[in-house]
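The block underneath contains the structure these notes are about, expressed in structure tokens.
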Amino acid sequence: MNHSPADFKEIARRNTSDENLRRNVRRATSITLHKRVEVVAEISDWEGLRQQGHDIRKHSIQRLDFYLEELEKNLIANGVEVLWANDSAEACRLVEGILSDTGAKRIVKSKSMVTEEIGLNHYLESRGYDSVETDLGEYIVQLAGEMPSHITAPALHKSKEEIGKLFSDKLGIPYTSDPSQLTAHARTLLREKFLNAEIGISGANFLVAESGTILIVENEGNAALTTSLPGTHIVITGIEKVVPTLQDASILLKLLPRSATGQRMTSYVSFINGPKKQQDLDGPKRLVVILLDNGRSDIVSNPEMREALYCIRCGACMNVCPVYQTVGGHAYGSTYPGPIGAVLTPLLTSLPESKDLPFASSLCGACSDICPVKIDLHHLLLWHRAKAVETHLNTFSERIIIQLWNIGMKHPALYRFGSKVMRMMFRGKLSVPVWSDTRELPKLAPKPFHELWQSMK
Amino acid sequence: MSTRETILANIKHSLKGLPVANEPPKVHQQQQSMSVDELLDRFGREFKKIDCEVVRCKSHEEAVKTIYTMIDTSRQQKLMLSNDSLLVNNSYQEKLKISGANINILPYHLEVSSADVSVVVASYSIAETATVVLRSSPLQFRSLALLPETVFVIAIESQLYLSMGEVLAQIKDKAILEESSALIFVTGSSRTTDIEKTLVRGVHGPKRLVVVFVP
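In order, the protein sequences belong to chains A and B.
Just so you know, our numbering puts 222 at position 222 of the first sequence, and the rest follows in order with no gaps.
Just so you know, our numbering puts 211 at position 211 of the second sequence, and the rest follows in order with no gaps.
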């Protein structure tokens, strides 16, 4: 990519003028939202289901230590190796350790936001490993040298013509913009990678504590192949993915596909219980789960922000967010874009590094309304904003203006005087830095309301 | 302190004193008593919504004939069948071999990537989402249902349930997870909408999935 969250304003300004990008993003998000409406309407008590999902995630996080220990015990009983990583660097080192144990170089990966978060692809490439993304959208952005712009639709920002040109330039195939033909090319190329891979790396959607089961949700079949064909399978997952029981998982599996892609169920849900049994023909001989913290236990320690960990990574909040639809995912400069990204990124990195993200919101609350596990996203953004102000991350001029406003609100006479001065300065035409560059603000009325009111009395 | 101990200690400290129930909240699953015909009807309707094919057969002989008629036998087709006892005991392999010309039955082997068609058996199926559950075992390896372009899934009517919750309760009661390294819940064919939200089937897995119900 690549930008950082600190570049948000600059990139957002640029992307707002990029009509192609806005058209691509708007088209993709509106198609998904439309499909979602249909499948949600089929559930007689969608709100009840959301509440169940919320309660399951809340309980899972409130007893996170207990369920992590139970998960670990059951994973080990199933023959899975369990490793723990404090941060990105440790997780990448653990992966490299497994690769050098096996002497393996050929790696296939299925879509995993956690591996983006820890920069795994870049780490492996810099050490000479051949690691290829197998999800079509991830494969496209990997070819393009970009980050995913959406958590379930990584190449949503690209048109078919742009993808056609990318395939032609990078793969040397004749140009086509036909999605079927482009997909067929990817199938042929990636099939060879699957069959020759030594290591498969995946994330996990859920980890079931009671049985030590790893759940992976997908449509393409690439995750099922990534976790079945290579001799070693490595799962890298955030610690917050644990859920207590299989029945809890079934509720979340009702919410996730409907919210993410507008489907009743995705084409494949793998319930992985361990490495292959002795007589099995396929499946990995070795299965390793890396449980990643990377700031999540610090979020647990914050009672106001803890519910950010309830997220099941559906991406619905992005689809419905007017800011995301306008600026696209890359503007956020982080692994997680959109409203959940604006909440998580300051927590996983730091607020000073990403201070513009919580302000990239109209606080319309559409994200909270659509969230399948009822995370109060827009209020979490407000919490970040309060912290930004407390720690003086806002500009000096903003602090002065707010102080003046505060004084004016408490002293009506001063307010009226200030109002007269403003009218003389702007002569009826309001101008606000940045805002007035792209919009016409309403004209000031000849008389303020309180004068009109007094004259009517 | 190890990383594990540090992470767990951090979490325990953060959650200390938080009043929370020991057990997870009770999951309310929709309970509906439906006949086999109603369940099959529901499965069929859901499957049609995702443009996949489902057939109900009265016998295994009829199932074999159905598979044969649904394959494009105008050209040579290589088939691989799972070694599941349902297929073996009902002689699917032998019957398909003699069904007609252009059917080449491959031996059950990991080299399935050369097969055009595979035939596998579902352990369970789910009506409300038109899902079949495939269990990994020495008799039915995982990629058998993932690599060929066309996959036929033989599903038993009596193992059809309404919801995933019911199937998972069955799986848990029968300790199936302990016997299998993986279960794959399959709902239709492999698909993607990653290019301008245009649906394309068969991106990595099968382009065509047919479910054949037998008594």
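Ideal placement from N, C-alpha and C gives every residue a C-beta, glycine not left out.
task = Kindly indicate which three-state DSSP category residue 391(A) falls into: helix, strand or coil?
result = As a first step, residue 391(A) is located in the first sequence; it is residue number 391 there, counting from the start. Note: residue 391(A) maps to coil in three-state DSSP.
request  = Could you tell me which residues DSSP puts in a beta bridge with residue 131(A)?
outcome  = As a position in the first sequence, residue 131(A) is number 131, starting the count at 1. Partner(s): 107(A).
inquiry  = Taking the straight line between their C-alpha atoms, what separation do you get for residue 162(B) and residue 111(A)?
reply    = Counting from one through the second sequence, the residue named residue 162(B) turns up at place 162. Counting from one through the first sequence, the residue named residue 111(A) turns up at place 111. Going from the Cα of residue 162(B) to the Cα of residue 111(A) covers about 30 Å.
request  = Assuming residue 261(A) and residue 152(A) form a contact by the criterion Cβ under 8 Å, report the distance between their Cβ atoms to the nearest whole angstrom.
outcome  = As a working mapping, residue 261(A) is identified with position 261 in the first sequence. As a working mapping, residue 152(A) is identified with position 152 in the first sequence. That belief holds up - the Cβ atoms of residue 261(A) and residue 152(A) are roughly 6 Å apart, short of 8 Å.
ask   = When the cut-off is 8 Å and only beta carbons count, does residue 109(A) lie next to chain B?
value = Locating residue 109(A) in the first sequence gives position 109, where the first residue counts as 1. No, residue 109(A) does not count as interfacial toward chain B.
Residue 425(A) (DSSP reduced to helix, strand or coil) = The residue you call residue 425(A) lines up with position 425 of the first sequence. Note: residue 425(A) maps to helix in three-state DSSP.
Residue 227(A): first and last residue of the uninterrupted alpha helix (DSSP H) it sits in = Here residue 227(A) corresponds to residue number 227 of the first sequence, with the count starting at 1. Counting along the chain, residue 227(A) falls outside any alpha helix (DSSP H), and DSSP gives it neither H nor E.
query = Does the Cβ of residue 215(B) lie closer than 7 Å to at least one heavy atom of the ligand FMN?
reply = The ligand FMN is not among the ligands present in this structure, which contains no ligands whatsoever.
key: Any 3 or more C-beta pairs closer than 8 Å across the region 193-206 of chain A and the region 176-192 of chain B   = no
ask   = Beta-carbon separation of residue 27(B) and residue 375(A) under 8 Å?
value = Your numbering for residue 27(B) matches position 27 in the second sequence. Your numbering for residue 375(A) matches position 375 in the first sequence. No. Outside cutoff.
ask   = What are the start and end residues of each continuous alpha helix (DSSP H) run of 4 or more residues lying completely inside the region 236-315 of chain A, in chain order?
value = 246-261, 296-300
ask   = Helix or strand or just coil, what does DSSP make of residue 207(A)?
value = Along the first sequence, read from residue 1 onward, the residue named residue 207(A) stands at position 207. Looking at residue 207(A) - three-state DSSP - the assignment turns out to be strand.
request  = Have a look at 5(A), 12(A), 64(A) and flag the residue whose alpha-carbon is nearest the alpha-carbon of residue 20(B).
outcome  = As a working mapping, residue 20(B) is identified with position 20 in the second sequence. It is 64(A) whose Cα lies nearest to the Cα of residue 20(B).
inquiry  = Suppose the cutoff is 7 Å on Cβ atoms and the five residues either side in sequence are ignored; what does the same chain contact list for residue 387(A) look like?
reply    = Walking along the first sequence from the start, residue 387(A) turns up at place 387. Excluding sequence neighbours, residue 387(A) sits near 351.
inquiry  = Which residues does DSSP list as the beta-bridge partners of residue 36(B)?
reply    = Here residue 36(B) refers to the residue found at position 36 when the second sequence is read from its first residue. DSSP output for residue 36(B) lists no bridge partner at all.
request  = Within 10 angstroms of the Cβ of residue 290(A), are there 16 or more other Cβ atoms? Answer buried if so, exposed if not.
outcome  = Here the question's residue 290(A) lines up with position 290 in the first sequence. Classification for residue 290(A): buried.
request  = Give a yes or no on contact between the region 293-309 of chain A and the region 235-247 of chain A, applying the rule of three or more CB pairs nearer than 8 Å.
outcome  = yes
In DSSP terms, what residue 458(A) is bridged to = The requested residue 458(A) does not occur in the structure, where chain A is confined to residues 1 to 457.
inquiry  = Check this for me: beta carbons of residue 36(B) and residue 168(B), under 8 Å apart or not?
reply    = Position 36 of the second sequence, counted from the first residue, corresponds to residue 36(B). Position 168 of the second sequence, counted from the first residue, corresponds to residue 168(B). It is not a contact, given that the beta carbons lie outside the stated cut-off.
task = Closer than 6 Å by C-beta to residue 199(A): which residues in its own chain qualify, once you throw out the five before and the five after it? Chain order, please.
result = The residue labelled residue 199(A) in the question sits at position 199 within the first sequence. The answer, listed in chain order, is 104, 107, 230, 232.
task = Ignore the nearest five residues each way along the sequence and tell me which others in residue 119(A)'s own chain have a CB closer than 8 Å to its CB.
result = On the first sequence, residue 119(A) is found 119 positions in, with the first residue counted as 1. Answer for residue 119(A): 88, 92, listed in chain order.
message = Three Cβ pairs or more, each shorter than 8 Å: is that satisfied between the region 157-169 of chain A and the region 65-84 of chain A?
response = no
query = Does the beta-carbon distance from residue 119(B) to residue 125(B) come in below 8 Å?
reply = Your numbering for residue 119(B) matches position 119 in the second sequence. Your numbering for residue 125(B) matches position 125 in the second sequence. The answer is no: Cβ separation not under 8 Å.
request  = Please confirm if the region 3-13 of chain A is in contact with the region 319-335 of chain A, defined as three or more CB-CB distances below 8 Å between the two stretches.
outcome  = yes
message = Using beta carbons (cut-off 8 Å, strictly below), is residue 265(A) in contact with chain B?
response = Within the first sequence, the letter at position 265 stands for residue 265(A). It does: the Cβ of residue 265(A) has a partner Cβ on chain B nearer than 8 Å.
Identified DSSP bridge partners for residue 185(B) = What you label residue 185(B) is simply residue 185 of the second sequence in a count that begins at 1. Note: residue 185(B) sits in a beta bridge opposite 269(A), 133(B).
inquiry  = Strictly by DSSP, which residues pair up with residue 233(A)?
reply    = Residue 233(A) sits at position 233 when you count from the first residue of the first sequence. Paired residues: 200(A), 287(A).
Straight-line Cα distance separating residue 210(A) from residue 238(B) = Nothing can be reported for residue 238(B), as the shown portion of chain B is limited to 1 through 215.
query = Considering residue 24(A), what are the terminal residues of the beta strand (DSSP E) in which it resides?
reply = Within the first sequence, the letter at position 24 stands for residue 24(A). Where residue 24(A) is concerned, there is no enclosing beta strand (DSSP E), although the alpha helix (DSSP H) it sits in stretches over 19-41.
ask   = Taking DSSP as the reference, what is the three-state secondary structure of residue 104(B)?
value = Your numbering for residue 104(B) matches position 104 in the second sequence. Strand.
message = Report the start-end ranges of each alpha helix (DSSP H) in the region 336-369 of chain A that is 4 residues or longer and not cut off at the edges.
response = 338-348
ask   = With 8 Å set as the bound, which would you pick, yes or no: does the beta-carbon of residue 36(A) sit closer than that to a beta-carbon of chain B?
value = Indexing the first sequence from 1 puts residue 36(A) at position 36. No, residue 36(A) does not count as interfacial toward chain B.
ask   = Does the separation of the CB atoms of residue 116(B) and residue 138(B) fall below 8 Å?
value = Walking along the second sequence from the start, residue 116(B) turns up at place 116. Walking along the second sequence from the start, residue 138(B) turns up at place 138. No, the pair does not count as a contact, with Cβ atoms beyond the cut-off.
query = Going along chain A in order, which residues have a C-beta closer than 7 Å to the C-beta of residue 182(B)?
reply = Locating residue 182(B) in the second sequence gives position 182, counting from the first residue. The contacting residues are 270, 271, 272, 273, 283.
query = Looking only at C-alpha atoms, which of 153(B), 102(B), 196(B) sits nearest to residue 208(B)?
reply = As a working note, residue 208(B) is residue 208 in the second sequence. Per the Cα distances, 153(B).
ask   = When DSSP labels each residue in this structure, what does residue 160(A) get in the three-state scheme?
value = By 1-based counting over the first sequence, the position of residue 160(A) is 160. Three-state DSSP puts residue 160(A) in a helix.
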